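Trainee:
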Amino acid sequence: MIERRSITTVTAESVLQSDVERLTGIEFACTCGRTHRVEIERLILEQGALRKVPDTIRQMGLGTKALLIADPASFAAAGDELAGQLGSSGFDVSLCVFPEDQLYADETALVRALIELEKDTEFMIAVGSGTINDIARFVSCKAGIPYLVVATAPSMDGYASTGSPILVNGYKKTYSLQSPLAIIGDLDVIRCAPPAMIAAGVGDMAAKITALCDWLLAAVVEEEHYCEVTAELMTRALTNVASEVTAIRTGGVPGIKKLMEGLVLSGIAMQMIGNSRPASGAEHHISHYWEMLHFAAGHRPELHGIKVGAATPLIARLYAELLEADMGEWNMTEKDAVQIAEWETNLRRCYGPLAEEMITENRSLLLSQPELDVRMNRLVRGWPELKPKLRTLLGLVPDLKALLRDAGAPAGPREIGVARQELSDALRVAKEVRSRYTVLQLADQLGLLERFAEERTRESFAP
Ligand SMILES: [Zn+2]
Ligand SMILES: [Zn+2]
1488 MIERRSITTV TAESVLQSDV ERLTGIEFAC TCGRTHRVEI ERLILEQGAL RKVPDTIRQM
1548 GLGTKALLIA DPASFAAAGD ELAGQLGSSG FDVSLCVFPE DQLYADETAL VRALIELEKD
1608 TEFMIAVGSG TINDIARFVS CKAGIPYLVV ATAPSMDGYA STGSPILVNG YKKTYSLQSP
1668 LAIIGDLDVI RCAPPAMIAA GVGDMAAKIT ALCDWLLAAV VEEEHYCEVT AELMTRALTN
1728 VASEVTAIRT GGVPGIKKLM EGLVLSGIAM QMIGNSRPAS GAEHHISHYW EMLHFAAGHR
1788 PELHGIKVGA ATPLIARLYA ELLEADMGEW NMTEKDAVQI AEWETNLRRC YGPLAEEMIT
1848 ENRSLLLSQP ELDVRMNRLV RGWPELKPKL RTLLGLVPDL KALLRDAGAP AGPREIGVAR
1908 QELSDALRVA KEVRSRYTVL QLADQLGLLE RFAEERTRES FAP
């Protein structure tokens, strides 16, 4: 991270009362016992924001020599105009406009951006959304220069993130890199994004419900660090979006602003915690599993937020079932040798060449009976307090499918072209996508996952 001196120390109470624009360049000692920091220095979300970019760069003292990267759509939407403005304001801007409509953040794209980078380039500007931002974050960080992002679509919450998922040898690997120093969203540009990208943004926000449930659950069962302030910010972002879905779908400025604020706030929450725990849980793992399959099969992947949204009602349903269940019947039993062998066979079938790495990474999560007893005790002790919190979260959007449909987003796996086997496998093995504790792990430990996977698959594919 480039050392800058514009971080202001604030209080946790003021963070909860601030608008998202005021949550930039701050550091605070939190009630959770940690110090949280937000590296983004400027956030501008307004109509006509594009015209403010040259002055903003000057005020931030980033220099005059820049590399601007974009794809054909984002260049047409904002990049071309911005390059002209910067040129006439005395900036020396090189361009890297990728020719593909369907761009991947892979080795080829990284090298192409790198080729355009000159020795004295002082900063990068990403004009676009997910992939363009990922590429700029990677290249600028490796080159040791800052970058800023000019957002063109409200499609995902990664603008403020510090990591980029990159396709390396055909497989996605997330690199921990740097935050953009500024996020600029011209609402006149963003509201004209394709409807699917707007629906995807709502899908990625809807996912926060189950992501936050998973975080609460992990805090109890795995005693993972939990931050009330961050969770509160996420909840606020989510309710702001959920209450404005109709306005968002019609592309009106106030609705689009709410959606962008929610997505950026979600990224800020991840920056505060230092990983994606507040924003990503089992629903993201299911989406990553489908994405991997579709990529391996050479299919054009759905937008991240569309897949994540379609997986969220499934996970919310699992929580609803656990909340209705009789806890007295729960127990956690160690897997025996036959079950472990079956587990490995299943992972090899589902993950192919990635399976060995998954098995090694997840073996530590296969707990012994004494370790499971500890978890079960924590669950039994924590459940009375956890239950109402989970209910409150799930109650924020009582009908998730209706919310997604209102936003114009698919509300289930079948609607995004997921095959029966792909759903049934995802529910069983998506928990191995990464070693993060979610409700899918809990259901597995309680011996409830098989039946859940079977029932949801049957129901989703009922004629
Ligand atoms: Zn996401
Ligand atoms: Zn905290």
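If you count the sequence shown from 1, you need to add 1487 to reach the numbering used here.
Beta carbons are placed, not taken as given, at the ideal position from N, Cα and C, and that holds for glycine.
None of the values given here were measured: they were computed from a predicted structure.
1. Tell me whether Asp1621, by its Cβ, gets closer than 7 Å to a heavy atom of ligand 1.
2. His1772 by DSSP, collapsed to three states: which one?
3. Would you list the residues whose beta-carbon is nearer than 5 Å to any heavy atom of ligand 2, in the order they occur in the chain?
4. At a cut-off of 7 Å, would you count Met1814 as near ligand 1, judging by its Cβ distance to the nearest heavy atom?
5. Using the three-state DSSP reduction, which class does Thr1944 fall into: helix, strand or coil?
6. List the endpoints of the continuous alpha helix (DSSP H) containing Leu1929.
7. Of all the alpha helix (DSSP H) runs that stay within the bounds of the segment 1489 to 1576, which reach a length of 4 or more residues?
8. Look at the Cβ atom of Gly1690, then the Cβ atom of Ala1917, and state whether they are nearer than 8 Å.
9. Could you tell me the alpha carbon to alpha carbon distance between Glu1811 and Ser1855, rounded to whole angstroms?
10. Determine the direct distance from the alpha carbon of Cys1517 to that of Ala1906, and round the result to whole angstroms.
11. If you compare alpha carbons, which of Phe1948, Leu1910 and Met1759 is closest to Gly1520?
12. For Glu1748, name the three-state secondary structure that DSSP assigns.
13. Could you check whether the Cβ of Asp1691 sits closer than 7 Å to any heavy atom belonging to ligand 1?
14. Run the CB neighbour count on His1999, radius 10 Å, all protein chains shown included, and call it buried at 16 or more, exposed below.
15. For a quick check, are the C-beta atoms of Val1884 and Ala1729 less than 8 Å apart?
16. Could you tell me whether any non-hydrogen atom of ligand 1 is closer than 7 Å to the CB of Met1684?
17. In terms of DSSP beta bridges, what is Thr1722 paired with?
18. Which stretch, first to last residue, makes up the beta strand (DSSP E) that contains Ala1636?
19. Excluding the 5 residues flanking Gly1535 on each side, which residues of the same chain have their C-beta closer than 7 Å to its C-beta?
20. Ala1769: buried (16+ other C-beta within 10 angstroms of its C-beta) or exposed?
21. Taking the straight line between their C-alpha atoms, what separation do you get for Gly1882 and Pro1682?
22. Would Ser1651 pass as a contact of Phe1625 if the rule is Cβ separation under 8 Å?
Mentor: Judging by the given coordinates:
1. no
2. helix
3. Cys1517, Cys1519, Cys1714 and Val1716
4. no
5. helix
6. Val1926 to Gln1932
7. 1499 to 1504, 1540 to 1547 and 1567 to 1575
8. no
9. 28 Å
10. 45 Å
11. Met1759
12. helix
13. yes
14. In this structure the chain extends from 1488 to 1950, so residue 1999 is not present and cannot be described.
15. yes
16. no
17. Beta-bridge pairing links Thr1722 to no other residue.
18. The amino acid occupying residue 1636 in the given sequence is Val; Ala does not appear at that position. Tyr1634 to Ala1638 is the span of the beta strand (DSSP E), which, as asked, contains Val1636.
19. Asp1673 and Asp1675
20. buried
21. 27 Å
22. yes
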